[in-house]
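Numbering-wise (the working numbering), the sequence shown opens with residue 77 and increments by one.
Accompanying notes for the structure given below.
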Amino acid sequence: MRLNYKILIGLISVLVIWAGTLGQSYRTMKQLESEYTRTVDETLPIILSLEELRFATLRIVSSTSENAMIMALQRNSDVAPVDSDMPTPDAHEIHETAIGISDFERVFEIYSNQVDLYDSADGAIRDLIGSNGTALTDISQRLEAALENNASTAEVLEMKEVMEDAEADILSLIIGQITDERRALRLRQAALRQGIVDAIDNLMISAALAAFGITALVILSSLRIIKPIERLTAAAVRIAKGDFAPLPKVTQNDEIGALTNAFSDMSSNLQNMIRRHQEATDNALASEQRFRDVAEASSDWIWEIGSDYRITFVSGRFFDVTGLSARAVIGQPISKFLTPDRTATADCFENLELDGLAPIRDMRCRYSDITNQTRICRLSGKPLFHKTGTFMGYRGTASDITAEVEAQDIAEHLALHDALTGLPNRIFMAERLDQNLAKIRRHGGAVSVICLDLDHFKEVNDTLGHAAGDSLLKSVTKRLESTLRITDTLARLGGDEFVIVQSEAIQPSGAEVLCRRILQVISEPFEVEGQNLYIGASLGVSLAPIDSLDPEQLLKNADVAMYRAKKDGRNSFRFFEAGMDAELQERKAMERDLRVAIQNNELEMYYQPLIETHGRAMQGVEALVRWNRPGFGMVPPGDFIPLAEETGLIIPLGDWILRTSCRQATEWPNLFVAVNLSPTQFKQQDLIGLVKQVLHDTGLTPNRLELEITEGVLLEQTAYSLMTLRGLQELGVRIAMDDFGTGYSSLSYLQMFAFDKIKLDQSFVQELGKSSGATSIVRTVLDLGRSLGMVTTAEGVETASQRDYLTQQGCNQMQGYLFSRPIPAAEIKNLLLRTYPDVDVPVAKALSW
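Below you can see the structure in the form of structure tokens.
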């Protein structure tokens, strides 16, 4: 049932009940009104009649008795009345008495008629009043007749007394009756009033019931209507605040229920719509943020021009990049700000119409910012057309590629130039060489290619470090450039290798003059880090077209000639000659064979004993590698060790030496083994871990391993080098400084690190007895080692006099040909028989050293 029908039925029911109660109360009131009217109609006439009867009785008695007395006194007395003022009754007064009696009778008759209306319960009173009234009437009539008949005064007085008694009785009865009637009237009035009150109470009760019914209906309506509406209102407020939680479904089968469920469905739909909208918004915002991030991270901007090629819109990024204001740009021709590289005309954008208004793709343009600095951008766009087909302009994007172009220029420069010296590199030099060779092929002439390699540059790097070497290379570059003409090309191939392409000169004299000039400027000292360094240069010359017109062959020939100059004593130049290439090929073959020898374990370790000075016993050995090259025999270490350093083979070679020496030393009780570490080897990562692993794998105790380093190890990355040295000492390995006294900073390194041993270079030992300076140096170094608590070892002891002097000066250990040449590992046991007769080998004779 619909809600409005329910409410209407409820209202009608309440109104019917209230109307019924009101009708009942109305009927009760009407009954009370009728009863009251009847009571008044019945009672008031009686009361009025009794009042009239009372007054008539009083008047009758009064007038009759008074007149009778007066007349009796006047007739029967011989004396005058006592009261002279007493009036004398006349005919009129007697007539009035008669009228009074008539009135009494009339009133009594009225009263009697009213009394007849009462029920039998009042009969006694009526009879009593009637008998007294009759007696009074009779007495009055007898008194009136006595007066008319001139009765005696005694008779009159007797009759008067009887009449007064009758008067008193009837008056008493009349007053009592009046009182009773009035009391009855009051009782009926009270009953009527109570009935009215009861009616009013009933009316009030009905009104209260009606009000209660209406209130109940209102409450029910509020429960069925107001509460749901309040929930709907609260839900609407929540929706207005952004809370779209749906209302719970209701089972109320009316408009409110339908409205509530519809509102709940609407909230759910809104929630879903908002969720989808929020997801779309979030995706859009994320996409926009990504676009903004990309746009902000790049130098792109959006541009738009009209059909007149005037700027109508430029995004803010353009103003950020250029510093220009919108007022200075909007409405201006685009050609005023952007100039494409593809044409020099100022109206190049307008010329797009000649191309059929084709899209713009990667058009490179120049423009100026607010500081008038030229910048480069890349333009892309497409034409805009109205739906009618009318051309409306262009819209597109522009990317500032100034940094990209500059970086590309730098990259191109770096690709063609050396980063350290700024000289052309191998690629640039090859291009120049190709150009010169092409010119020779067309027009004739000659070109010289000069390869230059600095002499003793490696020693500078090893002793002073790479920073000093780089500084030296820059200084060399400046001096070389000072010797060249503008047509010549100087390039750096790497390291300390340079190439010069000399063109437009008479050859070979032009190349010879240039080489001599270069040797002259290089021979002068270089000041690096406060020190004067002396180096030289080895140069090799190859001529075109005499030697070849192939650029690669010319470079190869010049390189071969340069190595010949080095072999012939350095600091000189050589022209390429046939047969020089064989030597270079031999060097390449040696490198290849050395690599194979390391991989196939074809090297051999030799050991030179280290002799304790006073006891002349062998305390240890120094490990020295030897290479018996197949087909060539024993190769001197001075030939293949530098080659290994140059080619990087020193790392695997050094690892093999360390591992082999430690393994073989485990076979010689009481001997330590000294292994040399090159600067290159020392720079490898985790040298400490390598040594620790080798000791573990071979089983050699750390105190039987001695690692020898040169000053070159400490020249670069001093902090790292010192940390590595301390780490090795913590393993228990002893550290010795080799070739002490030959470098620039030997004493400072002794202060920086507590070496276990210093080895006096053989160049000082060999000069003992020949040079007082060498002798003083030896004595000083030995004293220094003794004062620092370090073991001192002298290398290259070859004579007994050298041995004796070193012994006298307190040298701790010696090694050299006087005691033993380097020998294979198998021969060390024979020496041990002579040094330690208690070892597990056949007993040998005492040493004769």
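C-beta: ideal position from N, C-alpha, C; glycine also.
Being a predicted model, the structure only gives us computed values, none of them experimental.
(message) Quick check: what's the CA-CA separation for A522 versus T563?
(response) Using only the alpha carbons, I get a separation of about 13 Å.
(request) With distances taken Cα to Cα, identify the nearest neighbour of C441 among H462, K412, K458. (result) The shortest Cα separation from C441 among H462, K412, K458 belongs to K412.
(request) Return the CA-CA distance between L670 and Q884, expressed in angstroms with no decimal places. (result) Roughly 44 Å separates the two Cα atoms.
(request) Measure the alpha-carbon distance for D529 versus L807 and round it to whole angstroms. (result) Straight-line spacing of the CA atoms in D529 and L807 works out to 42 Å.
(message) Between which residues of its own chain and Q695 is the CB-CB distance below 6 Å, once the five residues before and five after are set aside?
(response) So the list reads L686, E688, once near-sequence residues are dropped.
(request) List the endpoints of the continuous alpha helix (DSSP H) containing P459. (result) Segment 450 to 461 is the beta strand (DSSP E) holding P459; no alpha helix (DSSP H) there.
(request) Identify the continuous beta strand (DSSP E) that holds R705 and give its terminal residues. (result) Residues 694 to 705.
(request) Could you say if the region 869 to 882 and the region 701 to 714 meet the contact criterion of at least three C-beta pairs nearer than 8 Å? (result) With a cut-off of 8 Å, the region 701 to 714 and the region 869 to 882 do not count as touching, because too few Cβ pairs lie within range.
(message) What residue range does the alpha helix (DSSP H) around Y881 cover?
(response) According to the DSSP assignment, Y881 belongs to the alpha helix (DSSP H) that extends over 876 to 884.
(message) Applying the 10 Å Cβ sphere with the 16-neighbour rule, what's the burial state of L864?
(response) Result: exposed.
(request) Identify every residue that forms a DSSP beta bridge with V604. (result) Answer by DSSP bridge pairing, in chain order: Q607.
(request) Sort G886, A795, H493, R592 by Cα distance to H690 and report the nearest one. (result) It is G886 whose Cα lies nearest to the Cα of H690.
(message) Among the candidates T723, Q838, S618, I452, whose CA atom is the shortest distance from the CA of E482?
(response) Checked all of T723, Q838, S618, I452; the closest Cα to E482 is I452.
(request) Enumerate in chain order the residues of its own chain whose CB-to-CB distance from T736 is below 6 Å, with the five nearest sequence positions on each side excluded. (result) Excluding residues within five positions, the ones whose Cβ falls inside 6 Å are M681.
(message) Along the chain, where does the alpha helix (DSSP H) containing V809 start, and where does it finish?
(response) Per DSSP, V809 belongs to no alpha helix (DSSP H) and is neither H nor E.
(request) Pull up the distance between the alpha-carbon of H462 and that of F504, whole angstroms please. (result) Roughly 54 Å between the two C-alpha positions.
(request) Give me the Cα-Cα distance between M656 and H489, rounded to the nearest whole angstrom. (result) Their backbone Cα atoms lie some 35 Å apart in a straight line.
(message) Do I272 and L108 have their beta-carbon atoms positioned less than 9 Å apart in this structure?
(response) Cβ distance < 9 Å, so L108 and I272 count as in contact.
(request) Give the DSSP-derived three-state secondary structure of V873 in the structure shown. (result) DSSP places V873 outside both helix and strand once states are collapsed to three, so it counts as coil.
(request) Please report the residue range of the beta strand (DSSP E) in which S579 lies. (result) Counting along the chain, the beta strand (DSSP E) containing S579 begins and ends at 573 to 579.
(message) Using C-beta distances below 6 Å, list every residue in its chain close to A156, excluding the 5 sequence neighbours before and after it, in chain order.
(response) Any answer about A156 is weak, because its pLDDT of 43 lies below 50 and its placement is not dependable; what the coordinates show is given next. For A156, where only same-chain residues beyond five positions count, there are no Cβ hits under 6 Å.
(message) Quick test of your reading: L729 and M666, contact by CB under 8 Å. State the CB separation rounded to the nearest angstrom.
(response) 13 Å between Cβ atoms; not a contact.
(request) May I ask you to report which of helix, strand or coil DSSP gives T473? (result) T473 carries a strand assignment under DSSP once its states are collapsed to helix, strand and coil.
(request) Output the distance between the C-alpha atoms of S248 and V238, rounded to the nearest integer angstrom. (result) Between S248 and V238, the C-alpha separation is close to 15 Å.
(request) Evaluate L43 with the Cβ neighbour count: other Cβ atoms within 10 Å of its Cβ, from every protein chain shown; 16 or more gives buried, anything less gives exposed. (result) As shown, the chain starts at 77 and ends at 925. That puts residue 43 outside it, with no answer to give.
(message) Comparing C-alpha positions only, which one of A830, G872, M813 sits nearest to F840?
(response) Of A830, G872, M813, the residue nearest in Cα terms is G872.
(message) Counting beta carbon pairs with one atom in the region 535 to 552 and one in the region 636 to 656, are three or more of them shorter than 8 Å?
(response) No, the region 636 to 656 is not in contact with the region 535 to 552.
(message) What does the alpha-carbon distance come out to for the pair V928 and A287?
(response) Past the boundaries of the shown model lies residue 928; the chain is included only from 77 to 925, so the question cannot be answered.
(request) Provide the residue span of the alpha helix (DSSP H) that contains K642, from first to last. (result) It spans 627 to 643 - the alpha helix (DSSP H) in which K642 sits, taken as one unbroken run.
(request) Just the C-alpha distance for D815 and Y825, rounded to the nearest angstrom, thanks. (result) For D815 and Y825, the distance between alpha carbons rounds to 13 Å.
(request) For the beta strand (DSSP E) containing G498, list its first residue and its last residue. (result) Looking at the DSSP string, G498 is not in any beta strand (DSSP E), and its letter there is neither H nor E.
(request) Would you please state the rounded distance, in angstroms, between the beta carbons of S614 and D531? I believe it to be under 8 Å. (result) 6 Å between Cβ atoms; contact.
(message) Cutting at 6 Å between CB atoms, please list the residues of its own chain near A870, excluding the five before and the five after it.
(response) L836, V841, L882, C887, M890.
(message) Is S343 close to the ligand ADP? I mean its beta-carbon at under 8 Å from any heavy atom of the ligand.
(response) In terms of ligand content, the structure shown is empty, and the ligand ADP therefore cannot be addressed.
(request) Sort L747, Y796, I406, I85 by Cα distance to D762 and report the nearest one. (result) Checked all of L747, Y796, I406, I85; the closest Cα to D762 is Y796.
(request) Return the first residue and the last residue of the beta strand (DSSP E) that N752 is part of. (result) Looking at the DSSP string, the run of the beta strand (DSSP E) that includes N752 is 748 to 752.
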